[in-house]
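Inspection log for the structure reproduced underneath, given as structure tokens.
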Amino acid sequence: MASFEISLVNCPPYINSLLPTPYSLLPTPYINSLLPTPYSLLPSILYSHLKYKRYSMDLLVIESFAFTPRLGTAGEIAITAAVAGKKTGFSFLHMENPDDIRFLPNRRFQKFGKRSWKHKVSKVESILNNYGVTTLPDEFLSEKTRLTIQDYVQNAPHSLRELRDYNYNDAALGLSTVSSLIWHTTSLHPDPDKYYPVIQRLLLCSASVYEKARALILKYKPQKISAFNGRFASVKGIFEAAKQLGVEVQYYEAGANYKQYELFKKPPHDFAYRREQLQTYWQQAGMDREELAHTFYKNRRQGEGIGSTKYTSDQQKGLVPEQTGNHRQIVYYSASDDEYAAIGDLIKHPIFKNQREAVKSLITWASNQMDCYLSIRVHPHVQKKSLEDRNWWNSLNGKNVQVIPSDSKVDSYALIDWADMVVTYNSTIGAEAAYWGKPSVLLGDNIYSGLGCVYEPRCEAEVYQLLQNDTIAPLPQENSLPYGYYRLCNGIKYNYYNPHSLLSGDFLGEPLD
1 MASFEISLVN CPPYINSLLP TPYSLLPTPY INSLLPTPYS LLPSILYSHL
51 KYKRYSMDLL VIESFAFTPR LGTAGEIAIT AAVAGKKTGF SFLHMENPDD
101 IRFLPNRRFQ KFGKRSWKHK VSKVESILNN YGVTTLPDEF LSEKTRLTIQ
151 DYVQNAPHSL RELRDYNYND AALGLSTVSS LIWHTTSLHP DPDKYYPVIQ
201 RLLLCSASVY EKARALILKY KPQKISAFNG RFASVKGIFE AAKQLGVEVQ
251 YYEAGANYKQ YELFKKPPHD FAYRREQLQT YWQQAGMDRE ELAHTFYKNR
301 RQGEGIGSTK YTSDQQKGLV PEQTGNHRQI VYYSASDDEY AAIGDLIKHP
351 IFKNQREAVK SLITWASNQM DCYLSIRVHP HVQKKSLEDR NWWNSLNGKN
401 VQVIPSDSKV DSYALIDWAD MVVTYNSTIG AEAAYWGKPS VLLGDNIYSG
451 LGCVYEPRCE AEVYQLLQND TIAPLPQENS LPYGYYRLCN GIKYNYYNPH
501 SLLSGDFLGE PLD
């Protein structure tokens, strides 16, 4: 039986009457011996009081982003909990956040400066108060803590490998700093010396977020905290602090489209967890689940941009490469993998440690084949990546190999029909190719792994046994349907935040853009 030693402070009169005073001086076993057993005989108020002493708040929403849709989603989560009768708190961390649009000098974000971010936060907090949410000031950091953070920042390593392992009070803040750095520079391998000031700003933000979140948790004792994503430097510390203090965490992220958001008990980049969610969605779906799944794949092919981005709008419908003799055509579709480049061991790639290693292996193999030709379709999004990333893909070459560059007019979906086999590492189009009746081989990890819609070799030898098999058959289309349904339908519809577009919306009538 758990000890009552901590919870007896200010306990109900019923319990006080059973104990001599001062009871704080008594050993816990002696106190327990004075209480009636079994504990189920105690008044229900005792349980309620002890629970209250353990958790003074059911949910604490912590936010470090002041732009849409982050701020609106945080407010949505807070009000939803409060309306459900949960004691809910909200705290906005006032600090320099290099990941936030308000601190980015890039011109593409200038349109978000219509209103002061402080004004927006204040308006949201006022609305939350009206719905019974307690708005909490973030915690000031002591001089000692500031000096500790300063020392951490000033001693930051000058290599990405060391930065990944550069922890703060055992919190993996260096890893999240690398993730943010990759996002800021649009490069998988940014030069740490070139971007050292950015690294230091990110570390300062990350450590400050950790300390502020830790102080909030210790002060208000929430049962659960909720915050965005968990990958970036500006949010990782919230989850690290909560986990160290034994507090339940909840991640929020975008849903299937900008009109929905999703809540996770584990990091959104944990593919094993996401696969469990996918199965739950499929099992709980209505009678129209297969129809909706078909809709996902058909809409993708028609270029309707499920989610937020249309990558095929500049491609020429039906355009494919010229035939290369009597070769079997194997098409590799690259993936935009910077989002997964610094998330630790959440994803378990079975063969190759990263996409570039997989591509190099495929090129070496194709160069030694007599009847196979490898076409590498570079993801259109690479056009927006760093010069280093673009040059890497454009430099690929080899016997029996052609590279279809990111800006090519070749139709990515017509290319599926043209191919004899499709290969991917971590791309949605692996499942799409399977849906459209092509043998599809997955070399990495993905949410659709394990559905039986793609071939999943477990070693390099198995990869090339599959690629050399000229009689390999496509897997059943029905196996790809659960993934299509999940991608089209996952998420919770907003009730209080009203999104106008991906990056525009209002919160109960208050504009946030």
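No gaps in the numbering here: position 420 of the sequence shown is 420 in full-length UniProt numbering, and each next residue is one more. Beta carbons: idealized from backbone N, C-alpha and C, even for Gly. Note that the structure is a prediction, hence the values are computed from the model and not measured.
With respect to V401, L374 sits close: the two C-beta atoms are nearer than 8 Å.
The beta carbons of L71 and K120 sit about 6 Å from each other, so the pair counts as a contact at 8 Å. For L362 and A341, the gap between their C-alpha atoms comes out near 21 Å.
About 6 Å separates the beta carbons of Y281 and N490, which is inside the 8 Å limit, making them a contact pair. Of N368, R301, S334, the smallest CA-CA separation from H327 is found for N368. A check of alpha carbon separations from I217 across Q355, P157, V249 identifies V249 as the nearest. Setting aside the 5 residues that flank it on each side, G132 is surrounded in the same chain by A82, each with a C-beta closer than 6 Å to its C-beta; the list follows chain order. With fewer than 16 other CB atoms across the displayed protein chains lying within 10 angstroms of its CB, L147 is exposed.
The count of Cβ pairs closer than 8 Å, one atom from the segment 204-212 and one from the segment 83-100, reaches three, so the stretches are in contact.
Boundaries of the alpha helix (DSSP H) harbouring V124: 117-130, taken from the DSSP string.
Cβ contact annotation for S180 (same chain, cutoff 6 Å, sequence separation greater than five): D99, L202, F232, A233, in chain order. Y485 is not a Cβ neighbour of T73, given a cutoff of 8 Å. Judged by DSSP in its simplified three-state form, R458 adopts coil rather than helix or strand. Per DSSP, reduced to three states, the secondary structure at R231 is coil, with no helix or strand assignment. The three-state reading of DSSP puts C453 in coil, since its state is none of H, G, I, E or B. Here D420 really is in contact with Q329; their C-beta atoms are around 5 Å apart, less than 8 Å. Taken through DSSP and simplified to helix, strand or coil, Y486 comes out as helix. Following the DSSP letters along the chain, one finds T424 inside the beta strand (DSSP E) bounded by residues 421-424. Taking a contact to require three or more Cβ pairs closer than 8 Å, the segment 134-146 and the segment 82-91 qualify as touching. Distances from the alpha-carbon of L451 to those of S334, R274, Q223 put R274 closest. In this chain, the alpha helix (DSSP H) harbouring Q355 covers 355-367. According to the DSSP assignment, E432 belongs to no beta strand (DSSP E) but to the alpha helix (DSSP H) extending over 429-435.
When the beta-carbon positions are compared, V209 and G174 stay at least 8 Å from each other.
In the three-state reduction of the DSSP assignment, E63 falls in the strand class, which pools E and B. For P499, the enclosing beta strand (DSSP E) has its first and last residue at 497-501. Around the beta carbon of G255, 16 or more other beta carbons lie within 10 angstroms, which makes this residue buried.
Secondary structure remark: continuous alpha helix (DSSP H) runs of at least 4 residues inside the segment 166-229, in chain order: 173-185, 196-220. I127 sits away from G85, with the two beta carbons spaced by 8 Å or more. For V83, the three-state secondary structure derived from DSSP is helix. Considering only A215, G230, K243, the residue with the shortest C-alpha distance to K224 is K243. Residue pairing from DSSP places I330 in a beta bridge opposite L374, M421. Straight-line spacing of the CA atoms in E510 and Y261 works out to 19 Å. Comparing alpha-carbon positions, the option among A414, T428, F67, V423 lying closest to P457 turns out to be V423.
Here DSSP, grouped into helix, strand and coil, assigns G246 to coil.
Boundaries of the alpha helix (DSSP H) around D389: 387-394. If you look at T145, you'll find it in the alpha helix (DSSP H) that goes 143-154.
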